[in-house]
Amino acid sequence: MSRRKVTFPDTSTGTTSPNWTRTMPGPDQAVTGSLSQRLALTFLATYAALLLVVGAGQITDPFIHYDDYPALVLFAEAYYEKTLAEGRWFNYLWHLRGIETPAWVNFQLYLVGWSLFVAAAALNVFRTTGLRYPLLLSVLVVLSPQTTLISGWFNSLIPGIWLMAAYTVTALFV
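Residue numbers (my numbering): 153 to 326.
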(Lines of atoms letter the chains of each structure in order from A and count residues from 1; the text may use other names and numbers.)
(Lines give C-alpha, C1' and ligand atoms only; values in the text may rest on other atoms or scores of the structure.)
Protein backbone atom coordinates (compact mmCIF):
# COMPACT_ATOMS: atom_id res chain seq x y z
CA MET A 1 0.00 0.00 0.00
CA SER A 2 1.56 3.19 -1.10
CA ARG A 3 0.76 6.57 0.34
CA ARG A 4 2.07 9.82 -0.96
CA LYS A 5 2.33 13.32 0.40
CA VAL A 6 0.64 15.98 -1.66
CA THR A 7 1.10 19.68 -1.02
CA PHE A 8 -1.82 21.85 -2.00
CA PRO A 9 -1.07 25.48 -2.86
CA ASP A 10 -2.93 28.30 -1.17
CA THR A 11 -5.26 29.56 -3.89
CA SER A 12 -5.27 33.14 -2.64
CA THR A 13 -1.49 33.62 -2.60
CA GLY A 14 -0.21 30.76 -4.75
CA THR A 15 2.29 29.75 -2.07
CA THR A 16 2.55 26.46 -0.26
CA SER A 17 2.85 25.86 3.43
CA PRO A 18 3.22 22.78 5.64
CA ASN A 19 -0.38 23.23 6.77
CA TRP A 20 -1.56 22.40 3.26
CA THR A 21 0.32 19.09 3.03
CA ARG A 22 -1.89 16.01 3.19
CA THR A 23 -1.23 12.31 2.84
CA MET A 24 -3.30 10.93 0.00
CA PRO A 25 -4.08 7.27 -0.69
CA GLY A 26 -2.17 5.67 -3.51
CA PRO A 27 -3.77 4.10 -6.59
CA ASP A 28 -4.15 0.73 -4.88
CA GLN A 29 -6.15 2.33 -2.05
CA ALA A 30 -8.74 4.06 -4.21
CA VAL A 31 -11.50 1.62 -3.29
CA THR A 32 -12.92 2.22 0.15
CA GLY A 33 -14.58 -0.58 2.06
CA SER A 34 -14.11 -4.27 1.66
CA LEU A 35 -15.28 -6.19 -1.36
CA SER A 36 -18.04 -7.88 0.62
CA GLN A 37 -19.34 -4.47 1.79
CA ARG A 38 -19.34 -3.20 -1.78
CA LEU A 39 -21.14 -6.36 -2.91
CA ALA A 40 -23.78 -5.92 -0.20
CA LEU A 41 -24.40 -2.27 -1.11
CA THR A 42 -24.51 -2.99 -4.84
CA PHE A 43 -26.83 -5.94 -4.25
CA LEU A 44 -29.24 -3.88 -2.13
CA ALA A 45 -29.38 -1.07 -4.69
CA THR A 46 -29.86 -3.56 -7.53
CA TYR A 47 -32.57 -5.43 -5.64
CA ALA A 48 -34.40 -2.18 -4.87
CA ALA A 49 -34.28 -1.14 -8.54
CA LEU A 50 -35.43 -4.59 -9.62
CA LEU A 51 -38.33 -4.49 -7.17
CA LEU A 52 -39.39 -1.11 -8.51
CA VAL A 53 -39.19 -2.08 -12.17
CA VAL A 54 -40.07 -5.75 -12.41
CA GLY A 55 -41.63 -6.61 -9.11
CA ALA A 56 -43.72 -3.55 -8.22
CA GLY A 57 -47.01 -5.11 -9.20
CA GLN A 58 -45.93 -8.72 -8.96
CA ILE A 59 -44.58 -9.14 -5.45
CA THR A 60 -47.66 -10.83 -4.00
CA ASP A 61 -49.18 -12.27 -7.19
CA PRO A 62 -46.59 -12.63 -9.96
CA PHE A 63 -47.49 -13.18 -13.60
CA ILE A 64 -46.63 -16.69 -14.79
CA HIS A 65 -46.39 -17.61 -18.46
CA TYR A 66 -48.55 -20.59 -19.43
CA ASP A 67 -45.61 -22.88 -20.13
CA ASP A 68 -44.04 -22.17 -16.73
CA TYR A 69 -46.84 -23.75 -14.69
CA PRO A 70 -45.22 -27.22 -14.61
CA ALA A 71 -42.23 -25.57 -12.96
CA LEU A 72 -44.47 -23.85 -10.40
CA VAL A 73 -46.38 -26.95 -9.32
CA LEU A 74 -43.37 -29.30 -9.57
CA PHE A 75 -44.95 -31.42 -12.28
CA ALA A 76 -41.59 -32.78 -13.39
CA GLU A 77 -43.09 -35.23 -15.91
CA ALA A 78 -44.54 -32.33 -17.93
CA TYR A 79 -41.24 -30.49 -17.64
CA TYR A 80 -39.33 -33.52 -18.91
CA GLU A 81 -40.16 -32.66 -22.55
CA LYS A 82 -38.42 -29.29 -22.17
CA THR A 83 -35.48 -31.12 -20.67
CA LEU A 84 -35.16 -33.32 -23.76
CA ALA A 85 -35.78 -30.54 -26.28
CA GLU A 86 -33.88 -27.70 -24.63
CA GLY A 87 -31.30 -29.44 -22.45
CA ARG A 88 -32.54 -28.10 -19.13
CA TRP A 89 -31.23 -30.93 -16.96
CA PHE A 90 -30.29 -28.70 -14.06
CA ASN A 91 -33.80 -27.23 -14.05
CA TYR A 92 -35.31 -30.71 -14.18
CA LEU A 93 -33.38 -31.76 -11.08
CA TRP A 94 -34.63 -28.60 -9.36
CA HIS A 95 -38.22 -29.60 -10.10
CA LEU A 96 -37.66 -32.99 -8.48
CA ARG A 97 -36.90 -31.36 -5.11
CA GLY A 98 -40.35 -32.20 -3.71
CA ILE A 99 -40.95 -28.91 -1.88
CA GLU A 100 -43.67 -26.86 -3.53
CA THR A 101 -43.37 -23.17 -2.70
CA PRO A 102 -45.87 -20.42 -3.50
CA ALA A 103 -45.38 -18.31 -6.61
CA TRP A 104 -44.47 -15.19 -4.63
CA VAL A 105 -41.69 -17.06 -2.78
CA ASN A 106 -40.31 -18.34 -6.09
CA PHE A 107 -40.51 -14.83 -7.52
CA GLN A 108 -38.53 -13.43 -4.59
CA LEU A 109 -35.94 -16.22 -4.96
CA TYR A 110 -35.62 -15.26 -8.61
CA LEU A 111 -35.30 -11.52 -7.85
CA VAL A 112 -32.70 -12.06 -5.12
CA GLY A 113 -30.67 -14.42 -7.32
CA TRP A 114 -30.86 -12.08 -10.31
CA SER A 115 -29.84 -9.08 -8.16
CA LEU A 116 -26.91 -10.98 -6.66
CA PHE A 117 -25.74 -12.10 -10.10
CA VAL A 118 -25.95 -8.61 -11.60
CA ALA A 119 -24.28 -6.95 -8.58
CA ALA A 120 -21.39 -9.44 -8.55
CA ALA A 121 -20.96 -9.19 -12.33
CA ALA A 122 -20.84 -5.38 -12.14
CA LEU A 123 -18.25 -5.54 -9.37
CA ASN A 124 -16.22 -8.01 -11.42
CA VAL A 125 -16.18 -5.54 -14.30
CA PHE A 126 -15.38 -2.51 -12.12
CA ARG A 127 -13.32 -4.21 -9.43
CA THR A 128 -10.91 -1.36 -8.78
CA THR A 129 -13.28 1.59 -8.89
CA GLY A 130 -15.57 2.99 -6.26
CA LEU A 131 -19.27 2.20 -6.06
CA ARG A 132 -20.48 4.64 -8.70
CA TYR A 133 -19.79 2.56 -11.82
CA PRO A 134 -20.85 -0.85 -10.45
CA LEU A 135 -24.10 0.67 -9.18
CA LEU A 136 -24.74 2.37 -12.50
CA LEU A 137 -24.07 -0.79 -14.49
CA SER A 138 -26.16 -3.03 -12.25
CA VAL A 139 -29.13 -0.65 -12.25
CA LEU A 140 -28.91 -0.26 -16.04
CA VAL A 141 -28.93 -4.03 -16.47
CA VAL A 142 -32.00 -4.52 -14.30
CA LEU A 143 -33.77 -1.63 -16.03
CA SER A 144 -33.37 -3.29 -19.42
CA PRO A 145 -36.51 -4.54 -21.20
CA GLN A 146 -35.05 -8.05 -21.37
CA THR A 147 -35.13 -8.28 -17.58
CA THR A 148 -38.85 -7.56 -17.58
CA LEU A 149 -39.53 -9.93 -20.46
CA ILE A 150 -37.85 -12.99 -18.93
CA SER A 151 -39.34 -12.45 -15.48
CA GLY A 152 -42.52 -14.30 -16.52
CA TRP A 153 -40.60 -17.59 -16.48
CA PHE A 154 -39.11 -17.09 -13.02
CA ASN A 155 -39.98 -20.62 -11.85
CA SER A 156 -37.83 -22.13 -14.59
CA LEU A 157 -35.05 -19.56 -14.22
CA ILE A 158 -34.39 -19.95 -10.47
CA PRO A 159 -31.76 -22.73 -10.71
CA GLY A 160 -29.87 -21.11 -13.57
CA ILE A 161 -29.91 -17.66 -11.98
CA TRP A 162 -28.58 -19.04 -8.68
CA LEU A 163 -25.90 -21.04 -10.49
CA MET A 164 -24.75 -17.88 -12.31
CA ALA A 165 -24.90 -15.89 -9.05
CA ALA A 166 -22.75 -18.48 -7.27
CA TYR A 167 -20.24 -18.41 -10.12
CA THR A 168 -19.94 -14.60 -10.27
CA VAL A 169 -19.67 -14.24 -6.49
CA THR A 170 -16.98 -16.94 -6.44
CA ALA A 171 -15.13 -15.21 -9.28
CA LEU A 172 -15.32 -11.94 -7.36
CA PHE A 173 -13.52 -13.31 -4.31
CA VAL A 174 -10.99 -15.55 -6.06
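Don't be surprised by glycine CBs; every beta carbon is placed ideally from N, CA and C.
Would you identify the three-state DSSP class for residue i, choosing helix, strand or coil?
i: A223; result: helix
i: I310; result: helix
i: P254; result: coil
i: P297; result: helix
i: T322; result: helix
i: T235; result: helix
Taking C-alpha atoms, which residue in the options lies nearest to residue i?
i: L295; options: V321, V205, G312 and F195; result: V205
i: G250; options: T212, D220 and L224; result: L224
i: L193; options: Q210, E233, Y285 and G209; result: Y285
i: D213; options: F325, A318, S303 and L324; result: S303
i: Q260; options: T322, E233 and L202; result: L202
i: L301; options: F215, A197 and I310; result: F215
i: R240; options: V321, A323, L324 and P311; result: P311
Once you ignore the five residues that flank residue i on each side, which residues in its own chain have a CB closer than 8 Å to its CB?
i: I313; result: Y262, G265, W266 and F269
How many whole angstroms separate the CB atoms of residue i and residue j, which I take to be in contact at a CB cut-off of 8 Å?
i: R107; j: L288; result: The question about residue 107 has no answer here: the residues shown for the chain are numbered 153 through 326.
i: A228; j: L248; result: 5 Å
Spatial neighbours of residue i within its chain, please: C-beta separation below 6 Å, excluding the five flanking residues on both sides.
i: P222; result: A230 and Y231
i: M316; result: F269
i: N328; result: Shown here, the chain extends from 153 to 326; a query on residue 328 therefore has no answer.
What are the boundary residues of the alpha helix (DSSP H) that includes residue i?
i: Q210; result: No alpha helix (DSSP H) contains Q210, which DSSP labels as neither H nor E.
i: Y244; result: W241 to H247
Leaving out the 5 sequence neighbours to the left and right, which residues in its chain are closer than 7 Å to residue i when beta-carbon positions are compared?
i: P179; result: Any reading at P179 is ruled out, since the residue's pLDDT is 48, under 50, leaving its predicted position unreliable.
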